[in-house]
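Below is one structure, written out as structure tokens, with a few remarks after it.
Now the structure itself:
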């Protein structure tokens, strides 16, 4: 039987499509980023400008802001496709659903995760992060934000069919984000104290690999439930 | 028996508030859970029987016409 | 080999079976918790370090360990429901979720009430307390996801997926004690090594753990039966029952 295009081709087509759509609506890229920057700048105003205090809480602030920004941007991951029916077309296509889902999540990460990683060092300067911690900050964000996108996509896929999905989404996925948050911030703290942090990175890497393998299936199954 | 008298037992070696607080909350929340769980069944059955009555009324109206 | 099990997936048989099991679970649970609590409160020796405040352990530890077991039970039945499309398993998962949430809540509150006299604070951001709190959030997520779907067949599947995803957190809860060092004492019951507790304290604790498990089983059966009735409102046997009980 003719299956149409190959798996790789399907993957890249979908990835390209999602990137193109996002580039046409530039707000999709900039709004989460702006939110990230704003949340981080609010903290010094709330806590006080003392450099010691700020450098102590900087890893946590940056990571919590990254979590929230990633969650906010995720809400739109499947919404437009669900509304205009292209999601159902994807479900019906001969290519495996988990592959398509992976392409969509990758596109989402490129659009929101990567800019976030690029901006993070600037915000770290504002928060007086320890000089030794920059490497750890970048490494944890690079390994951690894809995990956030993958785990969050499960929650989005579960709630895409619901009208009041927004608040529910945070209840569903923020608990799942906690292990990433804990290990990322403790890695940055360890780096600030000149301690080795490769163990923390290895655990975040393990989470990344695990979620990369398992999450697409969960996302696919959830989408099938939601579009029923 | 570890306690000499009832007051001794209730006093819990000075930790009365914490011990009885936790036992009290446990009993209260479990009792609430059990109460609602047991009531659930009756509520559902009443709902179903109401639905049946409604259906019967509809059927009766239709045959009258 | 497992074929005999399949007949119990039929709602009516599941309803009747859980009806016959319920009194056993209920009486045994009451007996075990009664014996364990009275033994623990009245007869167990005083702890030489913590005084009488340690008597909270007889509900705190059973609640904490059962909160995780209940989650595993919920995720297992959700998994069975998803893979083999057995609806009774979905209903069982939906029945366990609120019970697990209440038990987790009890574990948190009793932990706080024990922490105040021992550590001087109600709450410590220790790994075990935190993961117990996360477990409560996971339960609440499953419950509210189940509640927000109109179609309960879909709701059960969605909540099942979420429950299975949440299972990733269970090993983190279990091993967090070894990962982080903090104020919380290491696990008191070890399966492999010799227990560090005196047997006069350990026996009532074990009895209560067992009793809590039976109690969760009993409440699950009650809720499971109600769930079966609610989902099978159109079946004749349910309508018979409703006629017998519901008409005033």
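Protein chains in written order, with full-length UniProt numbering: chain Y, 1 to 228; chain F, 1 to 65; chain B, 1 to 248.
Heads up, the beta-carbon is just placed ideally off N, CA and C, and yes, glycines get one too.
If you're wondering where the values come from, they're calculated on a predicted model, not measured in any experiment.
- Contact between the stretch 29-48 of chain B and the stretch 106-116 of chain B: three or more CB pairs below 8 Å? A contact between stretches requires three or more CB pairs, one per stretch, nearer than 8 Å, and the stretch 29-48 of chain B fails this requirement with the stretch 106-116 of chain B.
Notebook entry, point to check: residue 79/B versus chain Y: which residues are under 8 Å apart at the beta carbon?
Noted result: Residue numbering aside, residue 79/B sits at position 79 when the third chain is read from its first letter. Going along chain Y, no residue has its Cβ under 8 Å from residue 79/B, so there is no contact; the nearest lies around 11 Å.
* Asked: If you run the structure through DSSP and keep just helix, strand and coil, what is residue 47/B?
  -> Indexing the third chain from 1 puts residue 47/B at position 47. Looking at residue 47/B - three-state DSSP - the assignment turns out to be strand.
Practice task
Mind checking which residues open and close the alpha helix (DSSP H) that includes residue 72/B?
Solution key: Translated into positions along the third chain, residue 72/B becomes position 72. Judged by DSSP secondary structure, residue 72/B falls within the alpha helix (DSSP H) whose first and last residues are 57-84.
Please check the pair residue 212/B and residue 62/B, which I expect to be a contact at CB under 8 Å, by giving their CB distance rounded to whole angstroms. For the purposes of this step, residue 212/B is identified with residue 212 of the third chain, where counting begins at 1. For the purposes of this step, residue 62/B is identified with residue 62 of the third chain, where counting begins at 1. Their Cβ separation, rounded to whole angstroms, is 4 Å, which keeps residue 212/B and residue 62/B in contact under 8 Å.
Specify the secondary structure class of residue 31/B as computed by DSSP and reduced to three states. Reading the third chain from its first residue, position 31 is the one you call residue 31/B. Note: residue 31/B maps to helix in three-state DSSP.
Can you pull the chain B residues whose beta carbon is under 8 Å from the beta carbon of residue 6/F, in chain order?
-> Here residue 6/F refers to the residue found at position 6 when the second chain is read from its first residue. Those within 8 Å of residue 6/F in chain B number zero; the least Cβ separation is about 11 Å.
Nearest-angstrom Cα distance between residue 90/Y and residue 100/Y?
Here the question's residue 90/Y lines up with position 90 in the first chain. Here the question's residue 100/Y lines up with position 100 in the first chain. So the alpha carbons of these two residues sit roughly 7 Å apart.
- Member of 24/B, 239/B and 221/B whose CA lies at the smallest distance from the CA of residue 15/B: Along the third chain, read from residue 1 onward, the residue named residue 15/B stands at position 15. Checking every option, the nearest Cα to that of residue 15/B belongs to 221/B.
Margin query: Would you say residue 138/B lies against chain Y (beta-carbon separation less than 7 Å)?
Written below: To locate residue 138/B, count along the third chain from 1; it is residue 138. Answer yes: the Cβ-Cβ gap between residue 138/B and chain Y drops below 7 Å somewhere.
**Asked** Which of helix, strand or coil does DSSP assign to residue 121/B?
**Response** In the third chain, residue 121/B corresponds to position 121, counting from 1. DSSP places residue 121/B in coil when its eight states are reduced to three.
Ignore the nearest five residues each way along the sequence and tell me which others in residue 127/Y's own chain have a CB closer than 6 Å to its CB.
Along the first chain, one-based indexing puts residue 127/Y at 127. For residue 127/Y, where only same-chain residues beyond five positions count, the Cβ hits under 6 Å are 54 and 58.
Please classify residue 204/B: is it buried, with 16 or more other beta-carbons within 10 angstroms of its beta-carbon, or exposed?
Against the third chain, residue 204/B aligns to sequence position 204. With 16 or more other Cβ atoms within 10 Å, it is buried.
State yes or no: is the beta carbon of residue 102/B nearer than 7 Å to at least one beta carbon in chain F? Residue 102/B sits at position 102 when you count from the first residue of the third chain. For residue 102/B, the answer is yes, since a Cβ of chain F falls inside 7 Å of its Cβ.
Interface residues of chain F around residue 222/B at Cβ under 9 Å? Reading the third chain from its first residue, position 222 is the one you call residue 222/B. Those within 9 Å of residue 222/B in chain F are 34, 37, 38, 40 and 41.
Cβ shell of residue 56/B (< 8 Å), same chain only, five flanking positions each side left out: Translated into the one-based positions of the third chain, residue 56/B becomes position 56. Cβ within range, chain order: 110, 113 and 114.
- [ ] Please confirm if residue 216/B has its CB atom under 7 Å from at least one CB of chain Y.
- [x] The sequence position of residue 216/B within the third chain is 216, counting from 1. No, residue 216/B does not count as interfacial toward chain Y.
Quiz prompt | Any alpha helix (DSSP H) of 4 or more consecutive residues that is wholly inside the stretch 85-118 of chain Y | solution = 86-92 and 97-108
*When Cβ atoms are compared, which residues of the stretch 114-136 of chain B fall closer than 7 Å to chain Y?*
134
Straight-line gap, residue 39/Y to residue 211/Y (C-alpha atoms, nearest Å) = Reading the first chain from its first residue, position 39 is the one you call residue 39/Y. Reading the first chain from its first residue, position 211 is the one you call residue 211/Y. CA-CA distance, residue 39/Y to residue 211/Y, rounds to 27 Å.
* To do: Identify each residue in the stretch 203-224 of chain Y for which the Cβ-Cβ distance to at least one residue of chain B is less than 7 Å, and report them in chain order.
  => Contacts with chain B (Cβ-Cβ distance below 7 Å) from the stretch 203-224 of chain Y involve 218, 221 and 222, listed in chain order.
- Query: In the structure shown, what three-state DSSP assignment does residue 25/Y receive?
  - Reply: Working through the first chain from its first residue, we reach residue 25/Y at position 25. Reduced to three states, the DSSP call for residue 25/Y is coil.
Can you have a look at residue 120/B and say buried or exposed, based on whether 16 or more other CB atoms are within 10 angstroms of its CB? Counting from 1 along the third chain, the entry for residue 120/B is found at position 120. Per the 10 Å Cβ criterion, exposed.
Work out the CA separation of residue 17/B and residue 184/B for me, nearest whole Å. Along the third chain, read from residue 1 onward, the residue named residue 184/B stands at position 184. Along the third chain, read from residue 1 onward, the residue named residue 17/B stands at position 17. Confidence at residue 184/B is low in this model, with a pLDDT of 41, below 50, so the placement of that residue should be treated as unreliable; the coordinate-derived value is given next. So the two alpha carbons sit approximately 42 Å from each other.
- Minimum Cβ-Cβ distance from residue 194/Y to chain B less than 7 Å: On the first chain, residue 194/Y is found 194 positions in, with the first residue counted as 1. No, because no Cβ of chain B sits closer than 7 Å to the Cβ of residue 194/Y.
Give a yes or no on whether 7 Å exceeds the smallest Cβ distance from residue 175/Y to chain B.
The sequence position of residue 175/Y within the first chain is 175, counting from 1. Among the CB atoms of chain B, one or more fall inside 7 Å of the CB of residue 175/Y.
>> Just to make sure I have the definition right: I need the residues of chain D whose C-beta is within less than 8 Å of the C-beta of residue 51/F. Which are they?
In response: Reference to chain D is not applicable here, since the protein chains of this structure are Y, F and B.
Any heavy atom of the ligand NAD closer than 6 Å to the Cβ of residue 62/F? The ligand NAD is absent from the structure shown, which contains no ligand whatsoever.
- Taking contact to mean at least 3 C-beta pairs separated by less than 8 Å, is the stretch 13-26 of chain F in contact with the stretch 115-127 of chain Y? Verdict: no, contact absent.
Our contact map puts residue 94/Y next to residue 4/Y with C-beta atoms below 8 Å; I'd like the distance itself, whole angstroms only. Taking the first chain and counting its residues from 1, the one referred to as residue 94/Y is at position 94. Taking the first chain and counting its residues from 1, the one referred to as residue 4/Y is at position 4. The pair is a contact, with the Cβ atoms about 6 Å apart (cut-off 8 Å).
Start-end ranges of the beta strand (DSSP E) lying completely within the stretch 36-66 of chain Y, minimum 3 residues = none
By the three-class DSSP mapping on this structure, what secondary structure does residue 227/Y have? The sequence position of residue 227/Y within the first chain is 227, counting from 1. If DSSP states are grouped into helix, strand and coil, residue 227/Y belongs with coil.
Sequence-distant residues of its chain with Cβ nearer than 6 Å to residue 74/Y (five each side left out):
Along the first chain, one-based indexing puts residue 74/Y at 74. Same-chain partners within the cutoff: 152 and 156.
Determine, using beta-carbon pairs with one atom in the stretch 108-122 of chain Y and one in the stretch 178-196 of chain Y, whether at least three such pairs fall under 8 Å.
no
Give me, in chain order, the residues of the same chain whose beta-carbon lies closer than 7 Å to that of residue 54/B; leave out the 5 immediate sequence neighbours on both sides. Taking the third chain and counting its residues from 1, the one referred to as residue 54/B is at position 54. 47, listed in sequence order.
Quiz prompt | Chain-ordered chain Y contacts of residue 41/B [CB-CB under 9 Å] | solution = Here residue 41/B corresponds to residue number 41 of the third chain, with the count starting at 1. In chain order: nothing, as chain Y lies at least about 35 Å away.
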